[in-house]
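Mapping to our numbering: the sequence shown position 71 is 71, numbers consecutive.
A virtual CB, placed ideally from N, CA and C, is assigned to each residue, including glycine.
Accompanying notes for the structure given below.
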Amino acid sequence: MEYKEEYIKGLLFEKMAGTISDGDDTIAEKAIADIPEIKAYWLKLKTKMDEPGAATFLSSLDEKAAWQKLSPKLADQKTKPLFTGI
Numbered sequence: 001m002e003y004k005e006e007y008i009k010g011l012l013f014e015k016m017a018g019t020i021s022d023g024d025d026t027i028a029e030k031a032i033a034d035i036p037e038i039k040a041y042w043l044k045l046k047t048k049m050d051e052p053g054a055a056t057f058l059s060s061l062d063e064k065a066a067w068q069k070l071s072p073k074l075a076d077q078k079t080k081p082l083f084t085g086i
């Protein structure tokens, strides 16, 4: 099965963050092994993430707090029907 490059790059970010599923990790690992451009991207990403500021940033992320902050804004958004005359 073929995957789009953007999808694979998204998996690489999940892999870096430690949030990737086992199945997706298998896909990412195969892409890293088989596609030179993806391997180069992965190595570049790992290099960036090894910089001191990156580790500090990742350790400061709080997903639960982010959702709590965003949730009221989402609840306030009203959806409108696309068609009213049907």
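Can you give the Cα-Cα distance for A75 and I35, rounded to whole angstroms?
To locate residue 75, count along the sequence shown from 1; it is residue 75. To locate residue 35, count along the sequence shown from 1; it is residue 35. Whole-angstrom Cα-Cα distance: 42 Å.
Hey, could you find the ends of the alpha helix (DSSP H) E51 is sitting in?
Within the sequence shown, the letter at position 51 stands for residue 51. E51 -> no alpha helix (DSSP H), and no H or E assigned at all.
Could you give the distance in angstroms between the alpha-carbon of W67 and the alpha-carbon of L58?
Start at 1 with the first residue of the sequence shown, and residue 67 comes out as number 67. Start at 1 with the first residue of the sequence shown, and residue 58 comes out as number 58. Their backbone Cα atoms lie some 16 Å apart in a straight line.
Would you mind stating whether D25 and L45 have Cβ atoms separated by less than 9 Å?
Your numbering for residue 25 matches position 25 in the sequence shown. Your numbering for residue 45 matches position 45 in the sequence shown. Not a contact, by the Cβ cut-off of 9 Å.
By the DSSP assignment, the alpha helix (DSSP H) with E5 in it spans what residues?
Within the sequence shown, the letter at position 5 stands for residue 5. Start and end: E5 to A17.
Taking the beta carbon of A28 as the centre, do at least 16 other beta carbons fall within 10 Å, making it buried, or is it exposed?
Working through the sequence shown from its first residue, we reach residue 28 at position 28. By the neighbour-count rule (16 or more Cβ atoms within 10 Å), A28 is buried.
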